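J.: Right, I'll just put the structure down here and ask away after.
Put into structure tokens, the structure is as follows:
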């Protein structure tokens, strides 16, 4: 409740806020919304900046020739994380390289399929 004076007669006035307190209440509510943040789950700017350094990519463990199947012996995961995600490991294993790869070169998904 909002009242002009808490000293006015009636039970509600004593439990109400006065106009000067209303400004503080509104400011508090606005700060609360900022503190709670967004309900949308997404990486923060700081997380995005370190993602390339912290995440890993699928890379050639050794030289791989075109036509050779990808397997655990010729693939590994290393930083940085701007290549093919290790979460796709199972979809890459047993597919065939359609071009040569040098050691530590990031594996590309395009052009690789089951054979």
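Residue numbers (our numbering): 16 to 130.
C-beta atoms are modelled at their ideal positions from N, C-alpha and C, and glycine is treated no differently.
Since this is a predicted model, take the numbers as computed values, not measurements.
#1: Of all the options 52, 70, 69 and 110, which has the alpha carbon lying nearest to the alpha carbon of residue 86?
#2: When we look at the beta-carbon of residue 41 and count the other beta-carbons within 10 Å, is it buried (16 or more) or exposed?
#3: Just to confirm the assignment, what range does the beta strand (DSSP E) spanning residue 75 have?
#4: Taking C-beta to C-beta, are residue 80 and residue 89 nearer than 7 angstroms?
#5: Distance, Cα to Cα, residue 22 vs residue 28?
#6: Near residue 120, what residues of its chain come up, given a Cβ to Cβ distance below 8 angstroms and the 5 sequence neighbours on each side ignored?
#7: Along the chain, where does the alpha helix (DSSP H) that runs through residue 93 open and close?
#8: Is residue 100 buried or exposed, if buried means 16 or more other CB atoms sit within 10 Å of its CB?
#9: The alpha helix (DSSP H) that contains residue 39, what's its start and end?
#10: Exposed or buried, which one is residue 98 when buried takes at least 16 other CB atoms within 10 Å?
T.: Answer, in terms of the structure:
#1: The residue given as residue 86 occupies position 71 in the chain shown. Closest by alpha carbon: 110.
#2: The residue you call residue 41 lines up with position 26 of the chain shown. It is exposed - the Cβ of residue 41 has fewer than 16 other Cβ atoms within 10 Å.
#3: Locating residue 75 in the chain shown gives position 60, where the first residue counts as 1. Per DSSP, the continuous beta strand (DSSP E) segment holding residue 75 begins and ends at 72-75.
#4: For this step, residue 80 is matched to residue 65 along the chain shown. For this step, residue 89 is matched to residue 74 along the chain shown. No.
#5: In the chain shown, the residue the question calls residue 22 occupies position 7. In the chain shown, the residue the question calls residue 28 occupies position 13. Distance between the alpha carbons of residue 22 and residue 28: 7 angstroms.
#6: Within the chain shown, the letter at position 105 stands for residue 120. Take residue 120, set aside five residues on each side of it, and the residues of its chain with a beta-carbon closer than 8 angstroms to its own are 74 and 75, in chain order.
#7: What you label residue 93 is simply residue 78 of the chain shown in a count that begins at 1. Where residue 93 is concerned, there is no enclosing alpha helix (DSSP H), although the beta strand (DSSP E) it sits in stretches over 90-93.
#8: If you number the chain shown from 1, residue 100 lands on position 85. Result: exposed.
#9: Walking along the chain shown from the start, residue 39 turns up at place 24. Residue 39 -> alpha helix (DSSP H) spans 34-51.
#10: Counting from one through the chain shown, the residue named residue 98 turns up at place 83. Residue 98 is buried by the Cβ-count criterion.
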